[in-house]
């Protein structure tokens with residue numbers, strides 16, 4: 044409903060409309076216990092892909108970011124982090140950096156890339172799905 048409501052306004056944008064949808068690493072690589080979350084993010088990704096196809100002729104770009112877990116958000120309490128890390132035999136700090144580059148992905152990282160995707164560097168890109176995950180071995 045939000046995309047549909049935004050379309051007429053985006054269509055009137057003087058330099059073309061821009062949409063960046065926040066998907067999830069769980070779209071290409073779902074994890075156990077995350078069926079509903081993974082399915083909802085996959086559905087959102089499909090909506091974005093269709094919007095990219097349908098809105099391109101209106102000059103509207105629609106792209107998707109797929110972050111891995113972003114630990115500086117409210118859903119990751121210390122208890123949740125400890126439990127998840129322990130289930131993988133890792134410390135919390137190891138769990139936060141459990142990717143190929145051994146980096147923690149922050150909400151700022153995701154926000155900065157989303158802003159960049161709205162700028163001139165991505166002016167000729169639509170329908171793209173870009174991971175923000177430090178290199179997730181299940182996705183690569």
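Numbering (our numbering), first residue to last: 44 to 183.
From the three backbone atoms N, C-alpha and C, an ideal C-beta is built for every residue, glycine too.
Skipping 5 residues on each side, what residues in its chain have a beta carbon closer than 7 Å to that of residue i?
i	result
residue 99	169
residue 147	114, 139 and 140
Quick one: residues in its chain with C-beta nearer than 8 Å to the C-beta of residue i, no 5 flanking neighbours on either side, listed in chain order?
i	result
residue 145	177
residue 175	108, 109, 110, 111, 148, 152, 153 and 156
residue 124	114, 135, 138 and 139
residue 77	69
Just to confirm, are residue i and residue j a CB contact at a threshold of 8 Å?
i	j	result
residue 70	residue 88	yes
residue 153	residue 108	yes
residue 120	residue 150	no
residue 97	residue 143	no
residue 110	residue 54	no
Does the Cβ of residue i lie closer than 7 Å to at least one heavy atom of the ligand NAD?
i	result
residue 139	No copy of the ligand NAD appears in this structure; indeed no ligand is present at all.
Leaving out five residues on either side along the sequence, give the residues of the same chain with a beta carbon under 6 Å from the beta carbon of residue i.
i	result
residue 47	none
residue 73	81
residue 161	61
residue 104	61 and 169
Which residue wins for smallest C-alpha separation from residue i, given the options the options?
i	options	result
residue 167	155, 130, 65 and 58	58
residue 102	75, 52 and 132	52
residue 172	93, 128, 163 and 76	93
residue 106	44, 64, 158 and 49	64
residue 66	56, 49 and 84	84
residue 95	50, 129 and 164	50
residue 75	127, 165 and 164	127
Checking the sheet assignment: what are the DSSP bridge partners for residue i?
i	result
residue 108	65 and 173
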